[in-house]
Structures are given as C-alpha cells and as structure tokens.
Amino acid sequence: MAQSQPSAAREQVRNIVPGLLFGEVWERPGLSKRDRSLITCATLIALGREKQLVGHLQRALDNGLSKNELSEVITHLAFYAGWPAAMTAALVAKDVFEK
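Position in the sequence shown (first residue = 1) + 1 = this note's numbering.
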C-alpha cells in the first residue's frame, strides 16, 4: 500500500502540535495496517468520533478491509458501544461507501 498523506486536519495543526502526527504508529511491525484500521475504526465508533471515522473508514478500505467486514464491526459494536454509536457509524459508512 502507498503511504497515505497527512489529513487536512493534522496539516492545520502541524506547527502547533507536531507530535500529534501518528505516522510512526502505523508503520510499527507488530500489526498489519489492515488490523490497525480495524482497531481504529472500532475505537472511533465506540467513542462516537464520526468526523475522524470518515477518513479512517476510507483508509480501512484502502488497507484491505471489505465493506461487509466494516458493516460487521458496526453491527458487533451496537451490542458493546450502544445503538446510537452504531447508527451514527452506519450513516457515516453509508456516505463513505457510496463515494
């Protein structure tokens, strides 16, 4: 996979908080980028971080996760993170998947 470009939000704050760039975390050898995407999307869904979820769902697709797998993550988290979090994530995923 090609290395992704920094997000627009991170670029806006680069001079203020340069340590907030996470490239090194994604390049660690302990987990694949696919697994890191799965974990990241699940965490963002559970925490209700829909703005960040948009980019990470696309990154997850780019890193090899399927739309069906991401749908299953959302369904699974409805039982652990709550129905509202899952419904919000489903609406975000719908937009991302349709693009």
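For glycine and all other residues, C-beta sits at the position ideal for the given N, C-alpha and C.
Measure the alpha-carbon distance for Asn16 versus Arg37 and round it to whole angstroms. 26 Å
Could you round the C-beta distance between Ala86 and Leu78 to whole angstroms and report it? I think they count as a contact, below 8 Å. 6 Å
Does the beta-carbon distance from Ala82 to Ala47 come in below 7 Å? yes
What three-state label does DSSP hand Ala94 in the structure shown? helix
By the three-class DSSP mapping on this structure, what secondary structure does Leu32 have? coil
Helix, strand or coil: how does DSSP classify Ser72 here? helix
Pick helix, strand or coil for Arg60, following the three-state DSSP scheme. helix
Check the C-beta distance from Leu66 over to Arg29 and give it rounded, since I have them as a contact under 8 Å. The pair is not a contact, with the Cβ atoms about 19 Å apart (cut-off 8 Å).
Given a cut-off of 7 Å, decide if Gln59 and Val97 are closer than it, judged by their beta-carbon atoms. yes
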